[in-house]
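Take a look at the structure set out below.
There are 2 protein chains.
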Amino acid sequence: MSDELTIWTYDWVPQGPRGFVRDLRLRWACEEAGINYAIRTVPFDGRETNHLAEQPFGQVPFLNDHGVELFESGAGLLHLARKSDKLMPRDPAGEAETVQWTIAALNSVEMVTVPWWFLKLCGDENNGLTGWMGQRLDHMERVLSGQEWLSAGRFTVADLLMADVLRVSDVRAFGDRPATEAYVARVTGRPGFKKAHRDQIGHFEAADRTREKARST
Amino acid sequence: MSDELTIWTYDWVPQGPRGFVRDLRLRWACEEAGINYAIRTVPFDGRETNHLAEQPFGQVPFLNDHGVELFESGAGLLHLARKSDKLMPRDPAGEAETVQWTIAALNSVEMVTVPWWFLKLCGDENNGLTGWMGQRLDHMERVLSGQEWLSAGRFTVADLLMADVLRVSDVRAFGDRPATEAYVARVTGRPGFKKAHRDQIGHFEAADRTREKARST
Numbered sequence: 002m003s004d005e006l007t008i009w010t011y012d013w014v015p016q017g018p019r020g021f022v023r024d025l026r027l028r029w030a031c032e033e034a035g036i037n038y039a040i041r042t043v044p045f046d047g048r049e050t051n052h053l054a055e056q057p058f059g060q061v062p063f064l065n066d067h068g069v070e071l072f073e074s075g076a077g078l079l080h081l082a083r084k085s086d087k088l089m090p091r092d093p094a095g096e097a098e099t100v101q102w103t104i105a106a107l108n109s110v111e112m113v114t115v116p117w118w119f120l121k122l123c124g125d126e127n128n129g130l131t132g133w134m135g136q137r138l139d140h141m142e143r144v145l146s147g148q149e150w151l152s153a154g155r156f157t158v159a160d161l162l163m164a165d166v167l168r169v170s171d172v173r174a175f176g177d178r179p180a181t182e183a184y185v186a187r188v189t190g191r192p193g194f195k196k197a198h199r200d201q202i203g204h205f206e207a208a209d210r211t212r213e214k215a216r217s218t
Numbered sequence: 002m003s004d005e006l007t008i009w010t011y012d013w014v015p016q017g018p019r020g021f022v023r024d025l026r027l028r029w030a031c032e033e034a035g036i037n038y039a040i041r042t043v044p045f046d047g048r049e050t051n052h053l054a055e056q057p058f059g060q061v062p063f064l065n066d067h068g069v070e071l072f073e074s075g076a077g078l079l080h081l082a083r084k085s086d087k088l089m090p091r092d093p094a095g096e097a098e099t100v101q102w103t104i105a106a107l108n109s110v111e112m113v114t115v116p117w118w119f120l121k122l123c124g125d126e127n128n129g130l131t132g133w134m135g136q137r138l139d140h141m142e143r144v145l146s147g148q149e150w151l152s153a154g155r156f157t158v159a160d161l162l163m164a165d166v167l168r169v170s171d172v173r174a175f176g177d178r179p180a181t182e183a184y185v186a187r188v189t190g191r192p193g194f195k196k197a198h199r200d201q202i203g204h205f206e207a208a209d210r211t212r213e214k215a216r217s218t
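Following this line, the structure appears as structure tokens:
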């Protein structure tokens with residue numbers, strides 16, 4: 002058995018989601034923690050039904066850590082965080098604070114930003130979630146005005162996830178929140194993010210070339 | 002220091018949310034695990050700003066476990082699950098499966114059901130999230146048609162949370178999904194849910210009487 006863990010993503014996606022497919026979260030966490038990983042793929046075409054045994058909502062990523070399998074990027078991040086104190090402190094208070102902010106990113110912030118964004122992409126920019134969206138982002142702006150990192154006074158997996166939620170361009174453009182903007186720049190300025198982002202873009206560009214070649218032969 | 006942990010909720014809420022305020026999730030988990038707990042309150046009036054130091058989005062619940070403090074019901078559940086194998090198995094595969102389904106409840110199911118419900122309550126029943134809502138609930142119906150519990154072949158904190166997400170009456174009434182309905186009935190039929198639910202209702206009814214008394218004197 003190799004010493005790598007495996008992150009599964011799509012074999013190809015259109016331009017739009019490139020740089021945002023959530024395997025990036027797991028790549029980034031592995032880069033921060035110094036964990037070796039391999040990338041494997043499932044077909045984008047037929048994703049609605051083809052890999053439901055691995056991911057019951059037809060999505061990516063999912064993770065295989067030497068036989069321990071799990072889907073949901075948030076669950077993958079918490080799993081990786083238990084493997085490395087670079088992602089989460091080991092003391093109970095620091096761990097609790099990190100887990101709470103990780104869940105806050107998923108269930109208090111992204112639970113509003115993603116549906117808001119979905120409705121906007123469907124053409125409904127002034128949708129019914131707009132007021133709620135503003136409230137949640139204002140709360141985050143207040144928090145981030147007072148501290149550099151979300152928990153334990155240093156970078157953790159909670160920052161990785163929260164910055165990934167907040168870096169979506171339509172979310173950044175929603176109002177003027179300088180502390181949030183500085184936070185997103187600070188967290189995504191880390192070498193681990195840059196490498197994970199570059200590698201994901203490269204992965205899908207290579208898939209373009211493979212598709213192109215298949216088409217021309 | 003007492004051997005209890007403390008769950009914080011509102012001192013009072015209107016009729017509508019009673020039985021659904023999320024302190025119920027933590028009460029229920031404590032009941033399942035046999036963990037002693039005390040209930041303390043913050044005022045419902047002024048909740049938007051009065052307790053932001055304890056909960057940065059102005060919500061409840063939050064938890065104090067002998068000095069370890071955390072907000073977000075999902076984070077509280079994962080914290081409690083680490084204290085008792087009645088909530089989460091101790092083997093790596095069982096733990097990973099439980100965490101993944103806990104996160105799925107928060108970020109793949111509730112991320113759609115709550116915003117959909119919010120828009121419905123605002124009067125927009127056929128809102129832009131309706132198709133997505135149907136897809137997610139269909140995926141859950143397929144999963145629940147094949148298994149009684151979400152992970153490890155037995156009740157875990159993932160079932161507690163998923164059932165709490167799915168038991169909302171408007172969500173239950175959205176389409177006809179018999180396996181989901183049977184699952185919700187099975188999980189919420191547990192004595193731990195019934196006690197937690199009864200205690201929350203009783204807590205707010207007592208608050209009615211206190212308010213009534215204050216008004217009449």
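Protein chains in written order, with the working numbering: chain A, 2 to 218; chain B, 2 to 218. Backbone N, C-alpha and C fix where the C-beta goes; we use that ideal spot for every residue, glycine too.
Over the uninterrupted alpha helix (DSSP H) stretch that includes residue i, give me the two end residues.
i	result
residue 50(B)	Per DSSP, residue 50(B) belongs to no alpha helix (DSSP H) and is neither H nor E.
residue 118(B)	111-122
residue 69(B)	Where residue 69(B) is concerned, there is no enclosing alpha helix (DSSP H), although the beta strand (DSSP E) it sits in stretches over 69-72.
residue 176(B)	Taken as a continuous stretch (DSSP letters only), residue 176(B) belongs to no alpha helix (DSSP H), as it is neither H nor E.
Using CA atoms only, rank isn't needed, just tell me which of the options is closest to residue i.
i	options	result
residue 137(A)	99(A), 161(A) and 178(A)	178(A)
residue 119(B)	98(A), 84(A), 131(A) and 34(A)	131(A)
residue 89(B)	124(B), 49(B), 158(B) and 129(B)	158(B)
residue 59(A)	36(A), 45(A), 8(A) and 207(A)	45(A)
residue 96(B)	68(A), 162(A), 174(A) and 123(A)	68(A)
residue 70(A)	100(B), 19(B) and 134(B)	100(B)
residue 31(A)	186(A), 52(A) and 6(A)	6(A)
residue 166(A)	153(A), 143(A), 104(A) and 210(A)	104(A)
residue 65(A)	174(B), 210(B), 93(B) and 193(B)	93(B)
residue 139(B)	4(A), 16(A) and 50(A)	50(A)
residue 187(A)	168(A), 215(A) and 91(A)	168(A)
residue 72(B)	87(B), 53(B) and 82(B)	53(B)
My output table needs one value for residue i: the three-state DSSP class, helix, strand or coil.
i	result
residue 85(B)	coil
residue 1(A)	Absent from the model: residue 1(A). The displayed extent of chain A is 2 to 218, so no value can be given.
residue 2(B)	A caution first: residue 2(B) carries a pLDDT of 47, below 50, which makes its placement in the model unreliable, though a value can still be read off. It is coil, neither helix nor strand.
residue 58(A)	coil
residue 13(B)	coil
residue 143(A)	helix
residue 39(B)	strand
residue 7(B)	strand
residue 216(B)	helix
residue 155(A)	strand
residue 150(A)	coil
residue 126(B)	coil
residue 137(B)	helix
residue 93(B)	helix
residue 190(A)	coil
residue 166(B)	helix
residue 195(A)	helix
residue 201(A)	helix
The beta strand (DSSP E) spanning residue i covers which residue range?
i	result
residue 29(B)	No beta strand (DSSP E) contains residue 29(B), which is instead part of the alpha helix (DSSP H) from 24-34.
residue 63(A)	63-66
For residue i versus residue j, is the C-beta spacing smaller than 8 Å?
i	j	result
residue 122(A)	residue 33(A)	no
residue 22(A)	residue 201(A)	yes
residue 129(B)	residue 128(A)	yes
residue 141(A)	residue 102(A)	no
residue 98(A)	residue 153(A)	yes
residue 14(A)	residue 194(A)	no
residue 36(A)	residue 85(A)	yes
residue 57(B)	residue 172(A)	no
Taking 8 Å as the cut-off, does the stretch 9-28 of chain A touch the stretch 76-84 of chain A (at least 3 CB pairs, one atom from each stretch)?
Under the 8 Å Cβ criterion, the stretch 76-84 of chain A counts as touching the stretch 9-28 of chain A, having at least three qualifying pairs.
Report yes or no: do three or more beta-carbon pairs, one from the stretch 111-129 of chain A and one from the stretch 107-119 of chain B, lie closer than 8 Å?
Proximity of the stretch 111-129 of chain A to the stretch 107-119 of chain B meets the contact definition, three or more beta-carbon pairs being nearer than 8 Å.
I'd like to know if the stretch 137-150 of chain B and the stretch 149-157 of chain A are in contact, where contact means that at least 3 CB-CB pairs between them fall below 8 Å.
Proximity of the stretch 137-150 of chain B to the stretch 149-157 of chain A falls short of the contact definition, fewer than three beta-carbon pairs being nearer than 8 Å.
With contact counted as at least three CB pairs below 8 Å, one residue from each stretch, are the stretch 31-42 of chain B and the stretch 7-19 of chain B in contact?
Note that the stretch 31-42 of chain B touches the stretch 7-19 of chain B; at least 3 beta-carbon pairs, one per stretch, sit closer than 8 Å.
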